[in-house]
Amino acid sequence: MNQQTRRKFLKRSLIGGAGLIILPNIITGCRTLGGSANRKIQVAQIGCGREGRVDMDGVLSHDLARVVAVCDLDSKRKEAAWAHVVDFYKKKGESNVNVETYNHYRAVLENPEIDAVVVSVPDHWHALVAIQAALAGKHVYLQKPVTYGIAESIALRKAVHARKIILQAGSQQRSEHPFVAFRAVSEAVRNGRLGKLQTIKIGIGLDKPSGKKPEAMPVPENLNYETWLGPAPEQPYMEGRVHPQDSFTGRPGWITTEDFGLGMITNWGAHHIDIAQWAMGMELSGPMSIDAHADFMTDDVWTVHRNYHVEMLYANGVQVILDDKFENGLRFEGTEGWTFCSRGAVRVTASDPNAPETDPNKGPLRASDKKILEPVKHGKRWAPSSNHYLNWLESIEAHRDPIAPIDQAARSLTACATAWIGMKLKRKLTWNPEKEMFINDDEANAMRERKPRSSEYDFRRVMNDAGLSAA
Ligand SMILES: NC(=O)c1ccc[n+]([C@@H]2O[C@H](COP(=O)([O-])OP(=O)(O)OC[C@H]3O[C@@H](n4cnc5c(N)ncnc54)[C@H](O)[C@@H]3O)[C@@H](O)[C@H]2O)c1
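Per the numbering used here, residue 2 is the first one in the sequence shown, and the count goes up by one each step.
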């Protein structure tokens with residue numbers, strides 16, 4: 002598609018069904034793309050692991066962009082990603098393919114030729130890379146959860162707005178491909194098809210201990226472990242807490258190690274709580290009270306929570322309940338019926354007993370009455386988004402908010418993180434969504450952020466150096 006056809010397509014795609022016009026937010030004064038009219042968006046992939054490879058393919062499959070650089074602090078992964086991108090363009094008939102490789106993301110951000118970065122690093126690194134990318138004026142596709150902690154998410158929002166860059170959060174359930182059920186159900190709920198919404202039951206799966214004891218190991222030569230630790234607390238290297246050395250696609254152990262990721266509550270919570278808040282119109286707010294409890298793994302290489310039960314009450318009277326025994330997905334219950342959406346046969350983890358296999362009676366989209374799921378013709382419609390990566394690239398070109406913008410994605414992380422703080426403190430908490438603080442609770446408020454390992458990894462210092470306040 003050339004630039005002109007693309008612009009026509011963008012205009013057309015803003016027109017929803019039944020002639021209903023959905024206007025996106027246009028961001029004025031945003032970084033514009035330099036060069037000729039046919040110049041593609043020059044993208045660098047930062048973090049080339051399990052999801053980074055999915056993200057790379059997501060961008061490569063759209064003609065609007067060109068992947069020009071890959072970056073990873075594990076040289077094996079960096080080289081494999083380079084070969085993957087070169088091979089992709091060669092298969093398209095190109096002979097001289099130039100893809101740059103970087104060991105450190107800061108060098109990527111210094112390259113003025115790069116317009117945009119995809120950030121697929123572990124959660125503990127999200128805030129720093131994304132804040133510095135935004136400050137450097139790069140557009141960002143940032144994997145979910147957008148940050149590790151609450152205070153970081155507030156700083157990131159500020160950096161994105163200050164530099165007017167386009168940030169898409171990796172909450173791909175908001176786009177049609179490949180999980181259309183979430184849009185259909187959340188649009189139906191938002192338009193009152195269930196009468197008065199009362200309860201949302203959310204299943205996000207369950208992690209189990211590895212059964213292996215923590216034990217220090219020699220650091221592989223190809224891995225810069227010192228930088229991999231980033232802002233997280235100092236600790237000896239264990240492969241089971243980082244990523245597998247014999248596979249690029251294996252589930253990494255950091256995801257079950259609390260210093261690097263908070264467990265299922267932010268891992269899958271960032272997907273399903275995001276949809277819950279979107280459906281009930283609370284995407285810029287959050288819960289008012291959180292009552293959570295969980296068991297945590299002990300004496301294991303992994304440290305995140307296992308069994309859990311969380312109840313959150315919102316200002317609209319809706320109760321959101323998460324329980325490790327719920328089927329993966331979201332069940333919305335109202336005075337006039339219920340509806341359920343999920344990814345269908347996708348399993349969360351090999352150890353998750355609740356993930357559906359391929360039972361045809363357990364489809365991804367169900368309702369008490371099929372009328373609930375008839376397409377919404379009048380009322381609140383989601384902006385079109387057939388594909389999450391394409392939506393990001395088109396939003397960069399059109400200087401408009403993407404389908405999963407930072408202000409909403411930050412609130413999704415916040416809801417998950419308040420639940421995690423509730424799990425740790427094992428008592429009921431009250432939260433003020435406007436001030437983004439717990440009410441009269443210094444202990445809980447202190448857990449909105451953690452002390453960085455050194456000032457090099459301090460997001461507050463980075464914001465201050467750029468003349469911005471962090472919170
Ligand atoms: N949207 C989704 O459905 C989905 C699915 C899986 C994972 N994720 C998210 O994707 C992100 C990556 O997860 P993953 O499973 O691919 O992890 P992974 O460990 O497999 O890959 C992360 C890669 O980042 C590299 N890395 C770490 N710190 C870096 C830094 N500072 N600079 C450059 N490279 C760095 C690592 O060496 C590794 O290769 C996480 O935020 C995760 O939550 C999202």
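Every residue gets a Cβ at the ideal spot worked out from N, C-alpha and C, and that includes glycine.
Straight-line gap, residue i to residue j (C-alpha atoms, nearest Å)
| i | j | result |
| --- | --- | --- |
| Ile397 | Gly138 | 12 Å |
| Glu450 | Ala418 | 10 Å |
| Arg461 | Val120 | 20 Å |
| Gly193 | Gly282 | 11 Å |
| Pro357 | Gln173 | The predicted model places Pro357 with a pLDDT of 47, which falls under 50 and marks its position as unreliable; any figure quoted below should be read in that light. Computed Cα separation, rounded: 20 Å. |
| Tyr103 | Val44 | 13 Å |
| Asn248 | Cys49 | It should be noted that the sequence gives Ser, not Asn, for residue 248. If I take the Cα positions, the gap works out to 12 Å. |
| Phe476 | Gln320 | Outside the shown range of the chain, which is 2 to 472, sits residue 476, and nothing can be said about it. |
| Lys9 | Arg401 | For Lys9, the predicted model reports a pLDDT of 38, less than 50, meaning its position is unreliable and no value from the coordinates is stated. |
| Ala472 | Glu235 | 26 Å |
| Ala280 | Val190 | 6 Å |
| Asp124 | Arg40 | 32 Å |
| Met57 | Asp442 | 42 Å |
| Trp339 | Gly364 | 15 Å |
| Gly262 | Val71 | 23 Å |
| His379 | Asp408 | 26 Å |
| His310 | Ile322 | 7 Å |
| Glu437 | Ile422 | 14 Å |
| Ala410 | Ile373 | 27 Å |
| Glu444 | Lys452 | 14 Å |
| Pro232 | Arg412 | 22 Å |
| Pro361 | Gly345 | For Pro361, the predicted model reports a pLDDT of 44, less than 50, meaning its position is unreliable; a value from the coordinates is still stated below. C-alpha separation (whole angstroms): 9 Å. |
| Leu469 | Ala163 | 8 Å |
| Phe89 | Val141 | 22 Å |
| Pro376 | Pro434 | 32 Å |
| Val220 | Gln246 | 11 Å |
| Leu285 | Gly335 | 22 Å |
Whole-angstrom C-beta distance between residue j and residue i, which should lie under 8 Å
| i | j | result |
| --- | --- | --- |
| Leu366 | Ala185 | 6 Å |
| Met265 | Ile205 | 5 Å |
| Arg252 | Arg51 | 7 Å |
| Gly171 | Leu143 | 6 Å |
| Ile529 | Tyr106 | Within the shown structure, residues of the chain are numbered from 2 to 472, placing residue 529 beyond reach of any answer. |
| Val98 | Val69 | Actually they do not touch by this definition, with Cβ atoms about 10 Å apart. |
| Gly287 | Trp432 | 6 Å |
| Asp296 | Glu312 | At roughly 17 Å, the Cβ-Cβ gap does not stay under 8 Å, so Asp296 and Glu312 are not in contact. |
| His127 | Val109 | Actually they do not touch by this definition, with Cβ atoms about 15 Å apart. |
| Leu230 | Arg382 | Going by Cβ atoms, the distance from Leu230 to Arg382 rounds to 45 Å, so no, they are not a contact pair. |
| Ile42 | Ala117 | 6 Å |
| Leu331 | Ala277 | 6 Å |
| Ile169 | Pro385 | Looking at the sequence provided, one finds Gln at residue 169 rather than Ile. Actually they do not touch by this definition, with Cβ atoms about 14 Å apart. |
| Arg54 | Thr250 | 7 Å |
| Ala135 | Ile115 | Not really, about 13 Å apart at Cβ, beyond 8 Å. |
| Leu430 | Ser343 | The Cβ separation is near 28 Å, so there is no contact. |
| Leu224 | Glu337 | With a Cβ gap of about 55 Å, Leu224 and Glu337 do not count as contacting. |
First and last residue of the uninterrupted alpha helix (DSSP H) at residue i
| i | result |
| --- | --- |
| Arg226 | The question names Arg, but residue 226 in the sequence shown is Tyr. Tyr226 -> alpha helix (DSSP H) spans Tyr226 to Leu230. |
| Met265 | Met265 to Asn268 |
| Gln144 | Element bounds for Gln144: n/a, residue is neither H nor E. |
| Gly59 | Arg51 to Leu61 |
| Leu391 | His389 to Ala399 |
| Ala152 | Ile151 to Arg164 |
| Asp461 | Position check: residue 461 holds Arg in this sequence, whereas Asp was assumed. It spans Phe460 to Asp466 - the alpha helix (DSSP H) in which Arg461 sits, taken as one unbroken run. |
| Asn317 | Careful: Asn317 lies outside any alpha helix (DSSP H) and carries neither H nor E. |
| Asp443 | Asp443 to Ala447 |
Extent of the continuous beta strand (DSSP E) to which residue i belongs
| i | result |
| --- | --- |
| Tyr103 | Glu101 to Tyr103 |
| His310 | His306 to Leu314 |
| Phe341 | Gly338 to Cys342 |
| Glu334 | Gly330 to Gly335 |
| Val69 | Ala66 to Cys72 |
| Asn433 | Leu430 to Asn433 |
| Ala368 | Leu366 to Ala368 |
| His294 | Ser290 to Phe297 |
Cβ of residue i within 8 Å of any chain B Cβ
| i | result |
| --- | --- |
| Met239 | No chain B appears in this structure, which consists of one protein chain only. |
Can you give, in chain order, each stretch of the alpha helix (DSSP H) that sits fully within the stretch 403-427 and has at least 4 residues? For the alpha helix (DSSP H) assignment, the uninterrupted runs of no fewer than 4 residues enclosed by the stretch 403-427 are, from N- to C-terminal side, 407-426.
Three or more beta-carbon pairs under 8 Å between the stretch 300-308 and the stretch 250-265, yes or no? Judged by Cβ distances under 8 Å, the stretch 300-308 makes contact with the stretch 250-265, as three or more pairs qualify.
Is there contact here, the stretch 149-158 with the stretch 65-77, by at least three beta-carbon pairs under 8 Å? In this structure the stretch 149-158 does not lie against the stretch 65-77, because fewer than three pairs of beta carbons, one per stretch, are closer than 8 Å.
Evaluate contact between the stretch 373-390 and the stretch 47-65, counting only Cβ atoms and requiring at least three cross-stretch pairs below 8 Å. The stretch 373-390 vs the stretch 47-65: in contact.
Can you give, in chain order, each stretch of the alpha helix (DSSP H) that sits fully within the stretch 181-252 and has at least 4 residues? If one requires a minimum length of 4 residues, the alpha helix (DSSP H) runs lying completely within the stretch 181-252 are 182-191 and 226-230, in chain order.
Assess contact between the stretch 234-243 and the stretch 320-327, defined as three or more Cβ pairs (one per stretch) separated by less than 8 Å. Is contact present? In short, these stretches do not touch, since the Cβ pair count stays below three.
Answer yes if the stretch 425-432 comes into contact with the stretch 205-222, meaning at least three C-beta pairs across the two stretches below 8 Å, and no otherwise. In short, these stretches do not touch, since the Cβ pair count stays below three.
Per the contact definition of three or more C-beta pairs closer than 8 Å, is the stretch 265-274 in contact with the stretch 404-417? Segment contact: the stretch 404-417 against the stretch 265-274, three or more CB-CB distances shorter than 8 Å; contact assigned.
Of all the alpha helix (DSSP H) runs that stay within the bounds of the stretch 81-140, which reach a length of 4 or more residues? Counting whole runs of 4 or more residues, the stretch 81-140 contains the alpha helix (DSSP H) stretches 106-111 and 127-136.
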